[in-house]
Each structure stands twice: as structure tokens, then as C-alpha cells.
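S.K.: In this text, residue positions in the sequence shown follow the UniProt record's numbering: the first is 1, and each later residue adds one. Every residue gets a Cβ at the ideal spot worked out from N, C-alpha and C, and that includes glycine. Note that the coordinates shown come from a computational prediction; the quantities given were computed from them, not determined experimentally. Got a structure here, written out as C-alpha cells. Questions coming.
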Amino acid sequence: MTDIHPGQRVAVLADAQNLYHSAQSLYSRNIDYSSLLKKSVADRSLTRAIAYVVRADSPDEETFFDALVDIGFETKIRDIKTFGDGSKKADWDVGMSLDAVTLANHVDTVVLCTGDGDFSRLCSHLRHEGVRVEVIAFEESTADELVEAADNFINMSDRQDTFLL
Numbered sequence: 001m002t003d004i005h006p007g008q009r010v011a012v013l014a015d016a017q018n019l020y021h022s023a024q025s026l027y028s029r030n031i032d033y034s035s036l037l038k039k040s041v042a043d044r045s046l047t048r049a050i051a052y053v054v055r056a057d058s059p060d061e062e063t064f065f066d067a068l069v070d071i072g073f074e075t076k077i078r079d080i081k082t083f084g085d086g087s088k089k090a091d092w093d094v095g096m097s098l099d100a101v102t103l104a105n106h107v108d109t110v111v112l113c114t115g116d117g118d119f120s121r122l123c124s125h126l127r128h129e130g131v132r133v134e135v136i137a138f139e140e141s142t143a144d145e146l147v148e149a150a151d152n153f154i155n156m157s158d159r160q161d162t163f164l165l
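Laid out in C-alpha cells, this is it:
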């Protein structure tokens, strides 16, 4: 696939729920989204950065959403759905995938910040279209098929001082 170079156009798509739960379960810490964006772009040309978040009516979430915007992310917000049996669901898999496919004609690289194995097929499709795919996530909570489908994988656990607050 494409080598990394300064003129390379990059889109960063961050699955905030996946990253949050991984960071909390592994380290009881939060993600440093400023560092995540900086390392994702890596001196290339940022075309678009999108953070996919879920509104769960927690006290500080609006402050968090505003902070993401201040850092440079566009936020896409989905309300959590509660079903009759009390179960809850809110994921962005389809939304992230559609955005990645739409952006593919406008970027050289898509950086997926998630460990969700559901995105492995997306990686294969993007690579087939000539787009470099990089994944940044915690190895312990990243599906093997996602790592294998990407051109490059950065393990956030190896760089806790960079990626965690």
C-alpha cells in the first residue's frame, strides 16, 4: 500500500465508546484525544477527523463533546437506546463504515481508532480501493482479524504515556 509521506491526506475515525471502555477496563484511565489525533495524523495532511460518541446522559458528557471539537474532531452523536427488556444499545459501526467508504475517494489513508473486529471487512474493502488503513487501539481488546486486515497497527498499550490521561 501507500508509503507514509507529508502530503498524504488522512481521515481519522475514532470509535469513542470502544476506546473508552478499553481504556477503563485495562487501565482505569481516559484517552488523550489530542495525542491520539496528533499521532494518527503523524505530520501528514488531515482531511477530516470524526469522533463517534454516544449520549448516555452522564454529567460531564457535553463538556467531553465540546473538548473533542476544540481538539479538532467533528463529533457525531447518537443517543443510547433502551429496549423494553432494559437492555441498551448504541453503536456507530454502520455510520463509521459509511463515512470511511465515502471519504475513500478523498483521502490516501483512513485511521480507524477502534479494536472492533466488525471493521475488518471495511479494512479489506478500503485497501482494495487503494486506501491505506491504519488501526490504533489497545492490542488486548482488539480483534486479531482487524489487526490482520490493516496495513499498520499501533498498540496504544505500548504507548500509555502518549495515549492515556
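How close, in whole Å, do the beta carbons of Ser157 and Phe138 come, if the pair is a contact with beta carbons under 8 Å?
M.R.: One-based indexing of the sequence shown puts residue 157 at position 157. One-based indexing of the sequence shown puts residue 138 at position 138. So it is a contact: roughly 5 Å between Cβ atoms.
S.K.: DSSP on Ser108, reduced to helix/strand/coil?
M.R.: Walking along the sequence shown from the start, residue 108 turns up at place 108. At residue 108 the sequence reads Asp, which differs from the Ser that was named. DSSP places Asp108 in coil when its eight states are reduced to three.
S.K.: Does DSSP put Ile71 in a helix, in a strand, or in coil?
M.R.: Start at 1 with the first residue of the sequence shown, and residue 71 comes out as number 71. The answer is helix: DSSP assigns Ile71 an H, G or I state.
S.K.: Thinking Glu134 and Asp151 are a contact (beta carbons under 8 Å), I'd like their distance in whole angstroms, please.
M.R.: Counting from one through the sequence shown, the residue named residue 134 turns up at place 134. Counting from one through the sequence shown, the residue named residue 151 turns up at place 151. Glu134 to Asp151, Cβ: 6 Å. Contact.
S.K.: Once you ignore the five residues that flank Glu145 on each side, which residues in its own chain have a CB closer than 7 Å to its CB?
M.R.: Within the sequence shown, numbered from 1, the residue matching residue 145 stands at position 145. Excluding positions up to five away in sequence, the list reads Gly117, Ser120.
S.K.: Compute the distance between the beta-carbons of residue 184 and Ile31, then report whether it is under 8 Å.
M.R.: Outside the displayed range of the chain (1 to 165) lies residue 184, so it cannot be described from this structure.
S.K.: Assuming contact is defined by CB atoms lying nearer than 8 Å, are Ser35 and Ser141 in contact in what I supplied?
M.R.: In the sequence shown, residue 35 corresponds to position 35, counting from 1. In the sequence shown, residue 141 corresponds to position 141, counting from 1. Not a contact, by the Cβ cut-off of 8 Å.
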